[in-house]
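Engineer:
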Amino acid sequence: VYKLVVQVGNKTWFIFRRYNEFHTLYEKLKKKYPELHFKLPGKRILGNNFDPEFIRARREGLNDFVTKLLAIPKITEQ
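For the sequence shown, counting from 1, position 54 maps to 54 in the numbering used here; every step adds exactly one.
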């Protein structure tokens, strides 16, 4: 589970999401905006999902994904 911190003005929310929820969002955005090239860190099919390096890389990839999405007006204005 990943924790997102959302701040608007002086208000703060904490939102918790699983990787598969990010993946579902990613798939929907690819269909709706095929001209945009979204990147989402991949799923790990084999191996240890609790490996610290894997967790760090995925967390950084998800942060990059969300940050780039928030920079696209056609997405944030809907």
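Even glycine gets a Cβ: it sits at the ideal position worked out from N, Cα and C.
Could you tell me whether the Cβ atoms of PHE23 and LEU40 are closer together than 9 Å?
Structural biologist: In the sequence as displayed, the identity of residue 23 is His instead of Phe. Closer than 9 Å, so yes.
Engineer: Report the residue from GLY42, LEU69, THR67, ASN63 whose alpha carbon sits nearest the alpha carbon of TYR2.
Structural biologist: Taking only the C-alpha atoms, the option nearest TYR2 is ASN63.
Engineer: So if DSSP puts GLN7 in a beta bridge, which residue, or which two residues, is it bridged to?
Structural biologist: In the DSSP output, where bridge partners are listed per residue, GLN7 has THR12.
Engineer: Should LYS68 be listed as close to the ligand ATP, given that the test is whether its C-beta is under 8 Å from any heavy atom?
Structural biologist: Ligands are entirely absent from the displayed structure, and the ligand ATP is therefore not among its contents.
Engineer: Can you give me the C-alpha to C-alpha distance between LYS28 and GLY61, rounded to a whole angstrom?
Structural biologist: Their Cα atoms are separated by approximately 18 Å.
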